[in-house]
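Numbers in this note's numbering are just positions in the sequence shown, counted from 1, shifted up by 276. For every residue, glycine included, the Cβ atom is placed at its ideal position computed from N, Cα and C.
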Amino acid sequence: MDFKLEIACLLEKVTGVPQQEIINTIEIPPNKDMGDFAYPCFRLAKQFRKAPPLIAQELYQKIEKPYFIEGIKVQNAYINFFVQKSTYVKEVLQKVLTQNKNYGNSNIGETKTIVIDYSSPNIAKPFHVGHLRSTVIGNALYHIFETLGYHCEGINHLGDWGTQFGKLIVAYQKWGSKEAVEQQGIQELMRIYVKFHDEAEKQPELEDEAREWFVKMQNGEQEALSLWKWFYDISIKEFNRVYDMLGVHFDAYTGESFYNDKMAAVVEELKEKNLLKQSEGAMIVDLENENMPPCLIIRKDGGTLYATRDITAALYRKKIYHFDKCIYLTALDQNLHFSQWFTVIKKMGYDWWKDLIHVPFGLVSLDSGKLSTRHGNVVLMEELLNQAISETQKIIEQKNPDLYNKEEVAKQVGIGAVIFNDLYNSRIKDVVFSWERMLNFDGETGPYVQYTHARACSILRRGECSLAENIDYSKLTDDASMEVIKLLEQFPQKIQEAADKLEPFIVTRHLINLSQAFNKFYHDNNILNSETPIKEARIALVIAVKTVLKKGLALLGIQSPEQM
Ligand code: ARG
C-alpha cells in the first residue's frame, strides 16, 4: 500500500483537487507528534475563498477515516494523518520479504539506455588512485541505473592513442629492453617515458622522431602498431588485475584508438557544417560566442586530439546505442574539456547534446604519508588495495582469529572499505585516505555496514530462524523498530534519488542510517529469547534488514560476508 497515494485519494474526494497535485503538496512532518503525513491547505484559499485553517477544519469533518489511518488531527492550516502503525509495518515488511533481493527495483528506466563512460585509465601509465574514483562511482551508478530498469552500457574509454605512444616507441628503442618490460610492465614503461622527457629537453629532435612514429601508427604501419599493441596488452593485463579485485566489469573497452579510422568522417562533417577554422596552422572550432577557448580538432602537425576522439566517440555511441543519456566520470579539472566539445556537438546541430553529461568528482588526498609512495607521487591502485587487505587482516587477527575463510573476508572487507570511503560524500568533495578512519568497524564505514549485515546473519544462524507464516506485526510498533521500518520503506526512494542526482552517496548514507537504527533495535530488544509472536516478528525484521543491507552494498559494488 502506498499511504501517500491513499491519503491523496481521500483528499481528492473532499477537495476536488487532482490526485497528483495533492501528492506533490503532501509533506512528511519533521516530528512524529505531527503525524506521518501532513496536508497544508494554504493553496486552497483561492478556491474555497476562506482562511486556510477554516478550510482544514471543514475538510477534516468531511473525511471518512479508513482502516489504515489511526487518527487525523487539524493543526492550524494543516491536516495531519497518523497511519496505523501495525498496518504500516505489515505493508513495509511484507513488501521487502516478498520482493527479497528485488526490493528497490523498478521499471522506470525500461526502454531507456544509459551509456556510462568510466575508469578510462591511460595505457602505459599507472592505474593510480585518481582513477579509482571514476571506476568506483561509475560502477555504483551502473548498478543503480540497472536496478531501476535502465539498460546500461559500461564503457572503458582507455587513453590508448595519441602522440605519447610515439614517444614511448622512441624511448623503448633507445633505452628499453624486452626483458625489462616483460618483467616490470607498466613501471618500466613509465621509467622510459619519463626518461624521454628528460632527454628531449636536451635533444628536441627526439620530439620529431616521436611524432614520426605516431604518424606511422596512424597510417597503420606494422612495426609501429605491433609495439603499440604490445604496450597495450601489458597495460590491460595490469588493469584487469585491479578490476578483478574491485569486482568491476565493462561492456566495452572501446578506447581512443578505436576511433582512429572514424575521425576523418567527423572532421569532414565539421568542415561541411562550416565549423572548422584555421588558426596558427591548426584546425579549431571557435567558441568565442560561448565564452570558451576554442576546441582544438587538428594539430598543426596533422595529429588529432583528445577532444576529436571524444566528439567522434559520442557520435558513434549515439548511432550504436541510441542512448538516452551518456555520462562521463572524470575529475573536476576536465570540466572545460567537456563543456567545449559538448558545445561542438550542439553546434553540429544535434539536439541530443543535452543528453551528454559530465559527472565530475573531487580529488583524492592521502593521510600524511601513511600510504606507500615508492613510485614518486603516484599511489598505485593495486598496492593500495593490497594494503587495505593486509590492514584488514590484522584487524581480523585481533578481533576474530578463528574466523572461517579469513583471507576471503579480509579481501571483501578491505576493498569494501576503500569503495565505501570513496562513495561516502557527495562526489565533488575530496576524498581523504586514512586507514584508521576507513577501517573503523564502529565508524560510518563500509566495515560497519558489513558488520551489521553479518550481525543480522549471525542472529538468524544462532536461532536457526526462518520466516514464520502468520506474523503479528503489531509487535513491531515500538520506537526502535519503527525507526528501522521507516528506513526500510525509504530505501527504494533513495535509490531513485541517487540516480536522479547521480550521487551514490545517497545510498551510502542511507545504509549507515539503517545500520545505526538496526543496532539500536538490537541493543534495545531481545530477539531470540522473547516470546514466540514477538520473536517471530523481530526475526522478520532482521531478515528484512539483512536483505536491504546486502542489496544496498551490492549497488555500491561491495560484498556482504555472512561472518566477519
Ligand atoms: N583517459 C582520461 C584520463 O585519464 C579519462 C577519459 C574519460 N573519458 C572520456 N571520454 N574523455 O584523464
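Query: Taking C-beta to C-beta, are L699 and I392 nearer than 9 Å?; Result: no
Query: Closest to S395 by C-alpha separation, out of R585, G692, Q663, Y519, would be which residue?; Result: Y519
Query: Measuring alpha carbon to alpha carbon, tell me which residue in K280, M310, G311 is nearest I298.; Result: K280
Query: Would the beta-carbon of G638 be found less than 8 Å away from any heavy atom of the ligand ADP?; Result: Of the ligands one can find in the structure shown, namely the ligand ARG, none is the ligand ADP.
Query: Go ahead and pull the three-state DSSP assignment for E346.; Result: strand
Query: So, is G833 buried or exposed, given that buried needs 16 or more other C-beta atoms within 10 angstroms?; Result: buried
Query: State the beta-bridge partners of V818 as determined by DSSP.; Result: V818 is not bridged to any residue.
Query: How would you label R325, buried or exposed, when you count the other beta carbons within 10 angstroms and need 16 or more for buried?; Result: exposed
Query: What would DSSP say about N352, mapped onto helix, strand or coil?; Result: coil
Query: Can you list, in chain order, the residues of its chain whose CB lies under 6 Å from that of H651, leaving out five sequence neighbours each side?; Result: Confidence is the limiting factor: at H651 the pLDDT is only 44, short of 50, which leaves the residue's position unreliable, though a coordinate-based value still follows. If we look at H651 and ignore the five residues flanking it on each side, it has no Cβ neighbours.
Query: Just to confirm before moving on: does the CB-CB distance between N697 and V707 stay below 9 Å?; Result: yes
Query: Could you check whether the stretch 721-739 touches the stretch 820-827, counting it as contact only if at least three pairs of C-beta atoms, one from each stretch, sit closer than 8 Å?; Result: yes
Query: Would you mind sorting E740 into buried or exposed? The rule is 16 or more other CB atoms within 10 Å of its CB.; Result: exposed
Query: From V359, Q674, I815, M521, pick the residue whose C-alpha is nearest to that of L369; which is it?; Result: I815
Query: Using DSSP's beta-bridge definition, name the partner residues of A607.; Result: F637
Query: Which residue marks the beginning of the alpha helix (DSSP H) containing D754, and which one marks its end?; Result: D754 -> no alpha helix (DSSP H), and no H or E assigned at all.
Query: Quick check on the DSSP output: the alpha helix (DSSP H) that includes C733 runs from which residue to which?; Result: 722-738
Query: Under the three-state reduction of DSSP, which class applies to I555: helix, strand or coil?; Result: At residue 555 the sequence reads Ser, which differs from the Ile that was named. Correct three-state label for S555: strand.
Query: Measure the Cβ-Cβ separation of E303 and G438 and say whether it is below 9 Å.; Result: no
Query: So what does K601 bridge to, in DSSP terms?; Result: I390
Query: CA-CA distance, K646 and D718?; Result: Annotation note: pLDDT 43 at K646 (below 50); position unreliable, no value reported.
Query: Measure the alpha-carbon distance for G523 versus D627 and round it to whole angstroms.; Result: 36 Å
Query: Rounded C-beta distance between A314 and Y354? I'm assuming under 8 Å.; Result: 5 Å
Query: Take the Cβ of I283 as the centre, count every other Cβ of all protein chains shown within 10 Å, and call the residue buried at 16 or more, exposed below.; Result: buried
Query: Considering only residues of the same chain and omitting the five flanking positions on each side of H407, which have a CB-CB separation below 8 Å?; Result: S395, S396, P397, M657
Query: Ends of the alpha helix (DSSP H) at V457?; Result: 454-460
Query: Does P328 come out as helix, strand or coil in the three-state DSSP assignment?; Result: helix
Query: Could you tell me the distance, in whole angstroms, from the CA atom of D562 to the CA atom of C571?; Result: 7 Å
Query: If we count the other Cβ atoms within 10 Å of its Cβ and call it buried at 16 or more, is D609 buried or exposed?; Result: exposed
Query: Please tell me whether T374 and F344 are closer than 9 Å, where the distance is taken between their beta carbons.; Result: no
Query: Take C317 as the anchor and find which of R738, V290, N307 has the nearest alpha-carbon.; Result: V290
Query: Select from P809, G722, Y582 the residue whose C-alpha is nearest the C-alpha of L752.; Result: P809
Query: Below 8 Å, how does it come out for the stretch 414-427 and the stretch 772-781: are there three or more Cβ pairs, yes or no?; Result: yes
Query: If you check the beta carbons only, do R409 and G638 fall under 9 Å apart?; Result: yes
Query: Are the CB atoms of Y535 and R585 within a distance shorter than 9 Å?; Result: yes
Query: From the DSSP output, in three-state form, read off L612 for me.; Result: helix
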